[in-house]
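Okay, so the sequence shown: first residue is 255 according to the numbering used here, each after it adds one.
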Amino acid sequence: MGLKVLEIISPKAEIEAIEQVTNSDEVVDWWRSSPFDDERFSTSMMVKPDNVQTVLDALQQILDHCKDARVMIHSVDATLPKIEEEEEPDPQTEEEPGKSNGLTREELFEQVETGSELNQTYLLLTALSAIVAAIGMVENSVAAVIGAMVIAPLLGPNLALALGSTLGETTLTRKASIANLVGLGLAIGVAFLISFLIDPTSNAQLEARTVVSYGALILALASGAAAVLSLLAGVATGLVGVMVAVALMPPAVALGLFLGWGQWTQAGQALLLLFINITAINLSAKLILVFRGVTPRRWPDKSRAKKSSRWAFTFWGLSIGIIIVLIYFAQHGLKDLAPIFEWLR
Numbered sequence: 255m256g257l258k259v260l261e262i263i264s265p266k267a268e269i270e271a272i273e274q275v276t277n278s279d280e281v282v283d284w285w286r287s288s289p290f291d292d293e294r295f296s297t298s299m300m301v302k303p304d305n306v307q308t309v310l311d312a313l314q315q316i317l318d319h320c321k322d323a324r325v326m327i328h329s330v331d332a333t334l335p336k337i338e339e340e341e342e343p344d345p346q347t348e349e350e351p352g353k354s355n356g357l358t359r360e361e362l363f364e365q366v367e368t369g370s371e372l373n374q375t376y377l378l379l380t381a382l383s384a385i386v387a388a389i390g391m392v393e394n395s396v397a398a399v400i401g402a403m404v405i406a407p408l409l410g411p412n413l414a415l416a417l418g419s420t421l422g423e424t425t426l427t428r429k430a431s432i433a434n435l436v437g438l439g440l441a442i443g444v445a446f447l448i449s450f451l452i453d454p455t456s457n458a459q460l461e462a463r464t465v466v467s468y469g470a471l472i473l474a475l476a477s478g479a480a481a482v483l484s485l486l487a488g489v490a491t492g493l494v495g496v497m498v499a500v501a502l503m504p505p506a507v508a509l510g511l512f513l514g515w516g517q518w519t520q521a522g523q524a525l526l527l528l529f530i531n532i533t534a535i536n537l538s539a540k541l542i543l544v545f546r547g548v549t550p551r552r553w554p555d556k557s558r559a560k561k562s563s564r565w566a567f568t569f570w571g572l573s574i575g576i577i578i579v580l581i582y583f584a585q586h587g588l589k590d591l592a593p594i595f596e597w598l599r
């Protein structure tokens, strides 16, 4: 991540307080433009990426009561002369709260919220990726299935769900949940309709969506963590790899196909794989967000976020426990319980 420029539009009354922020060590350089016609000023600060959240929180504390104030965040591709690097900090020292070497809380929220919007583009991409995935699995085409994984926008709502519960943002959590349910329902429905046009078949791609194991659970946990780390670091290309590593679209489409073909056992296994991926992504994503110190700024919001996180961890934790049991029975059946049944008899 490179430097960031914070552009602050504020009334004249707040200039002195803003200048105090510019004098802090976090600010590399700053400048101010002439006043606008409405007597507001534009102050710009160049800040290193690991200090942006600290400076942004300080500015918000100053400008919270100003209705006509605004802060905008700009990325800096390059600057001349080059900013001299400071000495490397001691790795054993703890990172100060509020410091992050990636996106700020506000940037993260903006990106994730955009990915959870239930709009025409989201629905169209979901439907198209479901069609591509269905044809790819029926034709046993690995390339087509991978293409569907990349096209599918289903990862966004799950990341938004994790962030919403971490920040206690009920509106974002609700939007993400609805987008997730609608997207998955649409994918399953499209595949269900396609199943009436195609004769039942069996191949490696379809069978892969009926295999549930602890390895699949570990893969989904690791991929969910990687997704959030890529997002926090502002590395969008990392999300593409995550989409392929733990895809939500193929098991959803396989579920729709198996339901249409009346193959109930395979449909149940595909449903379990889908449940594994959704649960693991959300749990690991939330763990990373909490570990990286992503929290609201105000104390009342922090209290609400703490309560929301407690409920989320309880729900996803219990879900993981249920999944572990279901995977065991999927692999071993009920034969291992025969001694217990015999003893109870």
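No residue lacks a Cβ here, since even glycine has one placed at the ideal position from N, Cα and C.
Other residues of its chain near residue i: CB distance less than 8 Å, five sequence neighbours each side excluded
i       : result
Val-275 : Val-281, Met-299, Val-309, Ala-312, Leu-313, Ile-316
Val-579 : none
Leu-379 : Ile-405, Ala-406, Pro-407
Lys-266 : Pro-289, Glu-293, Arg-294, Phe-295
Glu-268 : Ile-316, Leu-317, Cys-320, Ala-323
Ala-271 : Ile-316
Thr-333 : Leu-257, Met-300
Lys-560 : Gly-422
Gln-517 : Pro-454
Phe-583 : none
Val-396 : Gly-390, Gln-459
Ile-432 : Leu-372
Gln-365 : Leu-357, Leu-485
One or two residues paired with residue i in a DSSP bridge
i       : result
Lys-258 : Val-301, Ser-329
Pro-324 : First, the amino acid is wrong: residue 324 is Arg here, not Pro. The partner list for Arg-324 (beta bridge, DSSP) reads Ile-263.
Alpha helix (DSSP H) segment containing residue i, residue limits
i       : result
Leu-409 : 409 to 421
Leu-451 : It is not in any alpha helix (DSSP H) - Leu-451 carries neither H nor E in the DSSP assignment.
Val-396 : 396 to 405
Glu-461 : 458 to 462
Ile-472 : 468 to 487
Chain-order list of residues whose beta-carbon lies under 7 Å from that of residue i (same chain, five-residue window excluded)
i       : result
Val-386 : Ala-398, Gly-401, Ala-402, Ile-405
Ile-577 : Leu-471, Phe-529, Ile-530, Thr-533
Ala-566 : Ser-419, Lys-540
Asp-555 : Gly-422
Leu-394 : For the sequence presented, residue 394 should be read as Asn rather than Leu. Cβ neighbours of Asn-394 beyond the five flanking positions: Asn-457, Ala-458, Gln-459.
Tyr-468 : Ile-581
Leu-543 : Ala-416, Leu-417, Thr-420, Val-482
Thr-347 : For Thr-347, the pLDDT reaches just 46, beneath the cut-off of 50, and the residue's location in the model is therefore unreliable, leaving the point undetermined.
Phe-512 : Gln-520, Ala-521, Ala-524
Any non-hydrogen atom of the ligand COA closer than 7 Å to residue i Cβ
i       : result
Lys-321 : Among the components modelled here there is no ligand, and therefore nothing to report on the ligand COA.
Same chain, Cβ closer than 6 Å to residue i, neighbours up to 5 away in sequence not counted
i       : result
Phe-363 : none
Tyr-376 : Pro-407
Ile-448 : Ala-388
Lys-429 : Ser-370
Val-306 : Lys-258, Thr-358
Contact with chain C by residue i, beta-carbon distance below 8 Å
i       : result
Arg-359 : Absence of chain C from the displayed structure is noted, only one protein chain being present.
Alpha helix (DSSP H) runs contained entirely in the segment 262 to 309, provided each spans 4 or more residues | The segment 262 to 309 contains these whole alpha helix (DSSP H) runs: 269 to 276.
Assess, as a yes-or-no matter, whether the segment 453 to 472 is touched by the segment 522 to 534 under the definition of 3 or more beta carbon pairs within less than 8 Å.
-> At 8 Å Cβ cutoff, the stretches touch.
Specify whether the segment 395 to 404 and the segment 463 to 480 touch according to this definition: at least 3 beta carbon pairs, one from each stretch, less than 8 Å apart.
-> Contact between the segment 395 to 404 and the segment 463 to 480 is not established, with fewer than three Cβ pairs separated by less than 8 Å.
Entirely enclosed alpha helix (DSSP H) segments - the segment 353 to 393, minimum 4 residues | Runs of the alpha helix (DSSP H) inside the segment 353 to 393: 359 to 369, 374 to 392.
At what residue ranges does the segment 502 to 557 contain a whole run of the alpha helix (DSSP H), taking only runs of 4 or more?
-> If we require 4 residues or more, the alpha helix (DSSP H) runs fully inside the segment 502 to 557 come out as 503 to 515, 518 to 545.
The segment 284 to 291 touching the segment 321 to 338, judged by at least three CB pairs closer than 8 Å | Verdict: no, contact absent.
When the Cβ atoms of the segment 501 to 516 are set against those of the segment 440 to 451, are three or more pairs found closer than 8 Å?
-> Inter-segment contact for the segment 501 to 516 and the segment 440 to 451 is present: three or more beta-carbon pairs are separated by less than 8 Å.
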